[in-house]
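Enquirer: I'd like to ask some things about the structure below.
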Amino acid sequence: MRRPGRSALVYWGALAMLAGCQTAPEELVLSGPTMGTTYTVKIAAAPDADAHAVRSIVDEVLAQIDVQMSGYRTDSEIARFNAQRSTEWFPVSENVARVAAAAQEVARRSRGAFDVTVAPLVDLWGFGPGGRSTGQAPEAARIDELAARVGRDKLHVRIEPPALRKEVPELAVDLNSIAPGFAVDLLAARLAAAGFEHFMVDIGGEIRVHGRNARGTPWRIAIERPDLEQPVPYAILELDGMAVATSGGYRRFQELEGRRYSHAIDPLTGRPVPERVAAVVVVQPTAMLADAWATALLVRGVPEGRALAEREGIAALFILREGARLVPLVTADMAQYFVVEPSETAGGDPGEGS
């Protein structure tokens, strides 16, 4: 369900331990594969936590989201919605309706930079579940043909009773840029309801934290340099009760006819976004919104994306690639979260992170 590749966000304690400079105290840690990526759940300050009970919560939530929103299984709710060609209301779960409604709101606020109806174009470029690379860029006529089927105005969402409706029969929805964040939020809510106060949930680099870590200090999240294969911190965030997500084309791309193309597709042009922005990191109250806005701002780029983030009050870091340099652009709302600020630095070989 999720795009492959190592995340650019990681719990700072993990990087420190890899460097051999810290030893983690006792904490409950669960991890495993999910949605085409991996998850990690850390629970601190809970010495009596039942690992089996926590594992049951995690497994239940992840299985639920997968069967509802995965584009990679033909029996998921969203896959069945995509496959049918009716323009009547199609009943879905409350979760799918909530995620689709949130996606439509971000699409509206971003003026189309975020759009879950972009699925046919993602497949065309070989990045989606129904796509396959041909080694050549798609023909312009085919891009334009599919782009005509894309647009938030072609998807209708109803919350009660929950349902989706197509404006055109060919419409297809891809929730991969928002569903993992929702899964993080749902899992965090379930852990809080079970009485846990101090935890971190990470699914493929979409991270949400609450309370304190095992050392009794705020959770610190390292932003890795997007140009290096080895995990080298570029900046460090300190968060409590917030979520962070990143989006970038530096680890998932294709080379077609000698040119490199990012996996991020601009819904307005039908083409991959330019690679000047190496990554966008967003902090929001929920991982779902952080996930969606990171994608929207990457698509919008600079200076438009930064202006959009400032206007909408989005805490964001844009990491630009300027020749051999990495240059940070930080919005006003983002600066408060840094304990180690990003700075301009010499970049590595753009191919090193592949």
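In this text, residue positions in the sequence shown follow numbering that gives the first Met the number 0: the first is 0, and each later residue adds one.
Yeah, the Cβ is synthetic: ideal placement off N, Cα and C, and Gly gets one too.
Remember, it's a predicted structure, so these values are computed and weren't measured experimentally.
(1) How about A182 and I202: are their beta carbons less than 8 Å apart?
(2) To the nearest angstrom, how far is it from the Cα of V272 to the Cα of R299?
(3) Would you check if there are 3 or more beta carbon pairs closer than 8 Å linking the region 147–154 to the region 63–72?
(4) Please confirm if the region 169–179 is in contact with the region 275–292, defined as three or more CB-CB distances below 8 Å between the two stretches.
(5) Using DSSP with H/G/I as helix, E/B as strand and the rest coil, what is H155?
(6) Using a Cβ distance threshold of 8 Å, determine whether the region 208–217 contacts the region 32–51, with at least three qualifying pairs required.
(7) Three-state secondary structure (DSSP) at E321?
(8) When the Cα atoms are used, what is the spatial distance from D65 to M34?
(9) A106 and V156 look like a contact to me (Cβ under 8 Å); what is the Cβ gap, rounded to whole Å?
(10) Just to confirm before moving on: does the CB-CB distance between I235 and V338 stay below 8 Å?
(11) Express the C-alpha separation of A48 and R84 in angstroms, rounding to a whole number.
(12) Report the three-state DSSP secondary structure of P71 (helix, strand or coil).
(13) When you compare each of D114, W124, R270 to Q135 by their alpha carbons, which one comes out closest?
(14) Which value, in whole angstroms, describes the spacing of the CA atoms of E343 and E138?
(15) Alpha carbon to alpha carbon, what distance is there between D143 and V194?
(16) Look at E87 and R164 and say whether their C-beta atoms are less than 8 Å apart.
(17) Have a look at E340 and I222 and give me their C-alpha separation to the nearest angstrom.
(18) Where does the unbroken beta strand (DSSP E) through M427 begin, and where does it stop?
(19) Assuming V281 and M241 make a contact with CB atoms under 8 Å, what is their CB distance in whole Å?
(20) Counting C-beta neighbours from all protein chains within 10 Å, is the total for P46 16 or more, i.e. buried, or is it exposed?
(21) Identify the continuous alpha helix (DSSP H) that holds Q103 and give its terminal residues.
(22) Using the three-state DSSP reduction, which class does T116 fall into: helix, strand or coil?
Expert: Taking the coordinates as given:
(1) yes
(2) 8 Å
(3) no
(4) yes
(5) strand
(6) yes
(7) strand
(8) 7 Å
(9) 11 Å between Cβ atoms; not a contact.
(10) yes
(11) 48 Å
(12) Here residue 71 turns out to be Tyr, not Pro, going by the sequence shown. Looking at Y71 - three-state DSSP - the assignment turns out to be coil, as it is neither helix nor strand.
(13) W124
(14) 38 Å
(15) Checking the displayed sequence, the identity of residue 194 turns out to be Gly instead of Val. Roughly 51 Å between the two C-alpha positions.
(16) yes
(17) 10 Å
(18) Because the chain here runs from 0 to 353, residue 427 falls outside it and cannot be looked at.
(19) That belief does not hold up - the Cβ atoms of V281 and M241 are roughly 10 Å apart, past 8 Å.
(20) exposed
(21) 93–108
(22) helix
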